[in-house]
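Here the structure is laid out as structure tokens; the discussion comes afterwards.
Residue numbers (the numbering used here), protein chains in the order written: chain A, 594 to 1031; chain B, -5 to 564; chain C, 824 to 1089; chain D, 5 to 139.
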């Protein structure tokens, strides 16, 4: 006998699809089939079943080999490392639930660490922009029900958020968008002819690194002012056409991604895109939304914010919270040699930081908490494998539009494996003893 | 559980009609009792003021827009974050404090219960996570209904029973406390960039007016017999001339009577009245409409209000009145955040500086004080700052100072750059009334508790009630030498007990109490049509599944306290 | 004026936060008292005297106090933070936040300074003889109140995002600057004697940018507005005049719209 | 002199990279998905390079061996694409401009043929660069 679990939440990307169906064995120990998920999401669920999974914490030995240790020993090492460090960095948090993030914050507070999430290499610059200019946004259902102009700027949902267009943005028939795709005009701004760009009604092939100029030109076009003949590789006529197309919409939505957050101008690209959004609200209705990457990077920002007041890149070393990306952000902390211990959870800086920011990790006390073997675990002193969040344990997560959705546990983790939260509680309790905190 | 006896304090408890008498307050097993054993711990309150724990009826302290405010205002925390200290976690934020700081600050001022004034239902999990992480104080949250598609569709045909069944369902799945209405119809219009500025402006597409929404929700609220009345932020907030819309809204409650088992007598609570009491036609001839509004409220006993006092600070405005925030960013050009929520509501956030050098701000300050000073029944008018909209809640002691001391008000008036304008456009200069401690207890304890349907539980010191007690370093027998002493006394309590646990001593946090989440569990008759409608909306229009929308596990509300309502009899 | 000299003798393993090293922090103190001022390295707190050798007593007030910082302070942050008066000389290069939030006095860095120097500066004078980092004279994150007064002179080059949210005061860079100059500014003036890259004056409401060298890419929001002769820093020359950012909101003064001005030497 | 061309390097997600990271970064499938450089047909011709050959990609910040493949998405002459991951991160511009964000997109790189050079596995590549014993 098998059983089907419905309304399962996919713990891969910020789309946080919650309509997945999973077939499990009667004893709840085996996950047999995944339906409705995209190919990445399916793989995420199915990989939990891999027979070659690391199930025990491991310490790196001098010769490069690994030695299995118990969770107790792993927690001892982690607590001792954090207790001793003058300025530890606790990075990641985006692939775990809010409950674990909360325990992590307690640990960070006691050890006066720097804490950061993967926004550091993802939408951190979006957050900076939002702090400078605000953010008129909406939930994804608003897009589904109302949007007749959909702009993808520097993002490629066909690859990065595979079900985004079918669930929310392009194809669904909503309350005021009964004709689905036919109700909408799709515009893509990308220096490459991406798979998403190929679907668009209009593709503005912006010169890479000149999004700021193009967005500036759109604002000028809205106001009917003078424009140079070509901006960022796009003729002014085409820019004015695009401006008119946006203004003529009844509900415009701009989605944006790494193409703008990681290109030259970074936060300014987002800042001026938000200015464009604000401008459009003088003519019609317009919202803008970051295409958040990790399935719970948004949640990490939320928990940081209500507990410490800032959404990422927080420095608690002085005993109170401070924030200034450029100083307190992970890449800068690592590259500037500001920290002396590295704690990673729910992310893989080894694979996703520039190598110059990875090298320091290999030269300091380091712990990597991750179900997978990763480049980060590969250069850390201790690797603590844990249960897959959203598959083997539940917990709250926040979708890219900040909507909270409680993830479900669908299958048991391998015998003896702990969840992030359980391991963090062990570390916290040990740390409290070491620091003499009640 | 420890027993306590608070001895020889000057007790102010409108619930029992105690007006400053020297009385002992006994605490046992979390409740106020008649007497305790000789082993009870003695708290010497001689020369001090003793009141029930205060009740916050309207503040934005938990949830998505509050956190958006925190996220997008790092400058609100610059140089002001506080370290871990004893039992206290780190804190930060002047106008939008972190959850920990929120709990500590309320408790230190003697508040033990607070209501989050606007919960977008779809974000209930977020609101509850923050409530869970706000220590000490009991909290409830009001889901917003005034722009909800179900409500608009049912009330278009005046389907009260269906509206009520939907309200019951939503309160249950969101663990909500009351029916909140914000800019009825206007926020749905905002989804298209529009607004409803009067009670008769039609809502685009839905073919209903704000008046019909308000009337229908008033009826549904009494049909169910909920603990709290319908709680409304009416249309046309903050505009010169808006007092007329406010009067039109209040008139919708005419002739209605409260029906409930919780001792509530009002049917409509109109919130942050200060923002809705403006006369004039533009910012130039802007003037106070406090008299017109309070005249009406004084006459109509089924109305309660709270003030929304401007505190003259740099703060962060945030409201489910999306179009208002868009309007505001156009006025001050500061950063604008907005979030429209599918089928339900919206929210906007804009920083704002209430400068004493700007005449409009000074007039707003005066209107906020005129209202409670003009109210004849302090049991129907409650002190708020609509935190953080008119100012942070941490300024309550200052507002209390202004209300209790004409001298303090005059000092402030004289400090305004446009003093003459304040005096000509308001009547603040001619109001001599100074609030008594008894009236203060009515406006901050007994009144709001009764209005929330919590009158039997908190807001008073009657035996049997929760032992929420605040002891202030304020001697009512002594004349106030300096009005600032009032502010100092009400800023940091000598003692605070929350459900019988000492949580504050000498202004410091000494306990975290047994923080509860208050919600209202309504039983209604089975209503298959409403269940079908809900099911259909999720399949067609929501972006999440009904099962996931309804999921709100124990980890979100670890210590719930449900007020049970049986509406099956109707 | 009394002079206090502090000389680095035990450089920190990580970075040192020395926000007390200002004329205001030293005023009225003896060398021994100054040595007891707190400094922070990571999560540890210790005293200034553990890292620096201190000689000389401070004056009675900040205005009467001059501080000379010697030795390797490349890993010292917050030197001169919030200073309101007096003088400070950093003989070498310093790290982040030099002169941040300063309101008065004179601060001279003979080497380079890293990012966030003169954040939200209100008054006084900052002179950097070497190069300045990013966000020179910019606002703190989220704040719309950037540099509002005072004067900054950088003799070398400056980084990106200088003068962000500037509302007043003046920045002069003798060398080149990186991308983004005076973004979101609502006043103030920046003079760049060297070359610039791109994104000058983006979303600028009001203010003046003067460039002597080249502009790699001009923002489309800047509209050509003829040529003018200007005298800048004693140099008289012909400049191409642009107004902008035409895409941004603008204030009105006496019925006329006020634009930002960008001048490029011809 | 070895022939080389200069392209503007962009990194980012591909669906294949997404699947590969979930199936295991220690596996060759990760290398197949992300240890590649996608180039336009025209650029292959300019370099005189056969598709599916190993190349050395060099920037001011480092160099890495990856397999040159024809862009799955395009045409985009002048632009090279390495899926996000350790191969791209060996060479991208780490300058954050004091925002915390490296410049992952828009790094000028030169590409030269390196048929005989091996492409390392993901974890191995990072370990080698960090001077950690491979294991």
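Every residue, glycine too, gets a C-beta built ideally from N, C-alpha and C. Predicted model only: the values in this text are computed from it and were never measured.
Cross-chain neighbours of residue 30 (chain D) in chain A, by beta carbon under 7 Å
Working through the fourth chain from its first residue, we reach residue 30 (chain D) at position 26. Using a Cβ-Cβ cut-off of 7 Å, residue 30 (chain D) is close to 966 of chain A, given in chain order.
At 7 Å on the CB atoms, spell out the chain C contacts of residue 1029 (chain A), in chain order.
As a first step, residue 1029 (chain A) is located in the first chain; it is residue number 436 there, counting from the start. The contacting residues do not exist; residue 1029 (chain A) stays about 15 Å from chain C at best.
Proximity of residue 66 (chain D) and residue 126 (chain D) at Cβ, strictly below 8 Å
On the fourth chain, position 62 is the one that residue 66 (chain D) refers to. On the fourth chain, position 122 is the one that residue 126 (chain D) refers to. No, these two residues do not count as a Cβ contact at 8 Å.
Figure out for me which residue from D:94, D:100 and D:110 has the closest Cα to the Cα of residue 783 (chain A).
Here residue 783 (chain A) refers to the residue found at position 190 when the first chain is read from its first residue. Closest by C-alpha distance to residue 783 (chain A), out of D:94, D:100 and D:110, is D:110.
Tell me which same chain residues have a C-beta within less than 8 Å of the C-beta of residue 84 (chain B), skipping the five on either side of it?
Locating residue 84 (chain B) in the second chain gives position 90, counting from the first residue. So the qualifying residues of the chain are 75, 76, 77, 78, 92 and 94.
Same chain only: Cβ atoms within 6 Å of residue 369 (chain B), ignoring 5 sequence neighbours per side:
Counted from its first residue, the second chain places residue 369 (chain B) at position 375. The answer, listed in chain order, is 288 and 375.
With three or more beta-carbon pairs closer than 8 Å as the criterion, would you say the region 95 to 110 of chain B touches the region 914 to 925 of chain A?
Contact fails: fewer than three Cβ-Cβ distances are below 8 Å.
In whole angstroms, what is the alpha-carbon distance linking residue 527 (chain B) and residue 239 (chain B)?
The residue you call residue 527 (chain B) lines up with position 533 of the second chain. The residue you call residue 239 (chain B) lines up with position 245 of the second chain. Their backbone Cα atoms lie some 33 Å apart in a straight line.
What are the complete alpha helix (DSSP H) segments, minimum 4 residues, inside the region 651 to 736 of chain A?
Listed in chain order, the complete alpha helix (DSSP H) runs (minimum 4 residues) inside the region 651 to 736 of chain A are 664 to 677, 691 to 704 and 717 to 726.
Look at residue 671 (chain A) and residue 975 (chain A) and say whether their C-beta atoms are less than 8 Å apart.
Locating residue 671 (chain A) in the first chain gives position 78, counting from the first residue. Locating residue 975 (chain A) in the first chain gives position 382, counting from the first residue. It is a contact, given that the beta carbons lie within the stated cut-off.
For the region 656 to 665 of chain A against the region 631 to 645 of chain A, do three or more pairs of beta-carbon atoms, one drawn from each stretch, fall closer than 8 Å, so that the two count as touching?
The region 656 to 665 of chain A vs the region 631 to 645 of chain A: no contact.
Report the residues of the region 101 to 124 of chain D with a CB closer than 9 Å to any CB of chain A, ordered along the chain.
Of all residues in the region 101 to 124 of chain D, 101, 102, 103, 104, 105, 106, 107, 108, 109 and 110 have a Cβ within less than 9 Å of some Cβ in chain A.
Simplified DSSP assignment, three categories, for residue 513 (chain B):
By 1-based counting over the second chain, the position of residue 513 (chain B) is 519. Residue 513 (chain B) sits in a strand when the DSSP states are folded into three classes.
Enclosing beta strand (DSSP E) for residue 316 (chain B) [first to last residue]:
The residue labelled residue 316 (chain B) in the question sits at position 322 within the second chain. First-last for residue 316 (chain B): 316 to 326, but that is the alpha helix (DSSP H), not the beta strand (DSSP E).
State yes or no: is the C-beta of residue 888 (chain A) within less than 8 Å of the C-beta of residue 685 (chain A)?
Locating residue 888 (chain A) in the first chain gives position 295, counting from the first residue. Locating residue 685 (chain A) in the first chain gives position 92, counting from the first residue. No, the Cβ-Cβ distance between residue 888 (chain A) and residue 685 (chain A) is not below 8 Å.
Which word fits residue 199 (chain B), buried or exposed, when buried means at least 16 other C-beta atoms lie within 10 angstroms of its C-beta?
What you label residue 199 (chain B) is simply residue 205 of the second chain in a count that begins at 1. Burial check for residue 199 (chain B): the Cβ neighbour count within 10 Å stays below 16, so the residue is exposed.
Using DSSP with H/G/I as helix, E/B as strand and the rest coil, what is residue 106 (chain B)?
Counting from 1 along the second chain, the entry for residue 106 (chain B) is found at position 112. Of the three classes helix, strand and coil, the one that applies to residue 106 (chain B) here is strand, per DSSP.
Looking at the secondary structure, which residues open and close the beta strand (DSSP E) in which residue 50 (chain B) lies?
Here residue 50 (chain B) refers to the residue found at position 56 of the second chain. Element bounds for residue 50 (chain B): 48 to 53.
Where residue 472 (chain B) sits in the DSSP three-state scheme:
The residue given as residue 472 (chain B) occupies position 478 in the second chain. Here residue 472 (chain B) sits in coil by DSSP.
Validate contact between the region 357 to 372 of chain B and the region 397 to 417 of chain B using beta carbons, cut 8 Å, 3 pairs
Taking one beta carbon from each stretch, the region 357 to 372 of chain B and the region 397 to 417 of chain B have 3 or more pairs nearer than 8 Å; the two touch.
Determine the contact status of residue 12 (chain B) and residue 56 (chain B), defining contact as a CB-CB distance below 8 Å.
Residue numbering aside, residue 12 (chain B) sits at position 18 when the second chain is read from its first letter. Residue numbering aside, residue 56 (chain B) sits at position 62 when the second chain is read from its first letter. No.
Report the residue from B:151, B:6, B:-2 and B:71 whose alpha carbon sits nearest the alpha carbon of residue 24 (chain B).
By 1-based counting over the second chain, the position of residue 24 (chain B) is 30. Taking only the C-alpha atoms, the option nearest residue 24 (chain B) is B:-2.
Quick one: does residue 863 (chain A) have its CB under 8 Å from some CB of chain B?
Within the first chain, the letter at position 270 stands for residue 863 (chain A). So, not an interface residue.
Can you tell which of A:788, A:753, A:721 and A:707 has its C-alpha closest to the C-alpha of residue 932 (chain A)?
Position 339 of the first chain, counted from the start, is the residue given in the question as residue 932 (chain A). Taking each of A:788, A:753, A:721 and A:707 in turn and checking the Cα distance to residue 932 (chain A), the smallest one comes out for A:707.
Quick check on DSSP: helix, strand or coil for residue 1006 (chain C)?
Working through the third chain from its first residue, we reach residue 1006 (chain C) at position 183. Correct three-state label for residue 1006 (chain C): coil.
Using 8 Å as the threshold, is the region 649 to 656 of chain A in touch with the region 848 to 861 of chain A, meaning 3 or more CB pairs across them?
Here the region 649 to 656 of chain A does not lie against the region 848 to 861 of chain A, with fewer than 3 beta-carbon pairs under 8 Å apart.
Secondary structure at residue -1 (chain B), three-state DSSP: helix, strand or coil?
Position 5 of the second chain, counted from the start, is the residue given in the question as residue -1 (chain B). Annotated three-state conformation of residue -1 (chain B) is strand, per DSSP.
Residue 738 (chain A) (DSSP reduced to helix, strand or coil)
One-based indexing of the first chain puts residue 738 (chain A) at position 145. Reduced to three states, the DSSP call for residue 738 (chain A) is helix.
Taking just the CA atoms, how far does residue 492 (chain B) sit from residue 47 (chain B)?
On the second chain, position 53 is the one that residue 47 (chain B) refers to. On the second chain, position 498 is the one that residue 492 (chain B) refers to. Cα-Cα distance, rounded: 8 Å.
Kindly indicate if chain C contains any beta-carbon less than 8 Å away from that of residue 62 (chain B).
Position 68 of the second chain, counting from 1, holds the residue named residue 62 (chain B). Judged by the 8 Å Cβ criterion, residue 62 (chain B) is not in contact with chain C.
Check whether the Cβ of residue 968 (chain C) lies closer than 8 Å to any Cβ atom in chain A.
As a first step, residue 968 (chain C) must be located in the third chain, where it is residue number 145. No, residue 968 (chain C) lies away from the interface with chain A (no Cβ there is under 8 Å from its Cβ).
Using the three-state DSSP reduction, which class does residue 924 (chain C) fall into: helix, strand or coil?
The residue labelled residue 924 (chain C) in the question sits at position 101 within the third chain. Three-state DSSP puts residue 924 (chain C) in coil, outside helix and strand.
Short-range partners of chain D found in the region 938 to 958 of chain C, where Cβ spacing is below 9 Å:
Listed by position, the residues of the region 938 to 958 of chain C near chain D (Cβ gap below 9 Å) are 938, 939, 956, 957 and 958.
Cross-chain neighbours of residue 1101 (chain C) in chain D, by beta carbon under 7 Å:
As shown, chain C starts at 824 and ends at 1089. That puts residue 1101 (chain C) outside it, with no answer to give.
Residue 311 (chain B) and residue 272 (chain B) - do their beta-carbons sit closer together than 8 Å?
On the second chain, residue 272 (chain B) is found 278 positions in, with the first residue counted as 1. On the second chain, residue 311 (chain B) is found 317 positions in, with the first residue counted as 1. Going by beta carbons, residue 272 (chain B) and residue 311 (chain B) fall outside the 8 Å limit.
From what residue to what residue does the beta strand (DSSP E) around residue 334 (chain B) run?
Within the second chain, residue 334 (chain B) is the residue found at index 340, counting from 1. For residue 334 (chain B), the uninterrupted beta strand (DSSP E) run begins and ends at 330 to 335, by DSSP.
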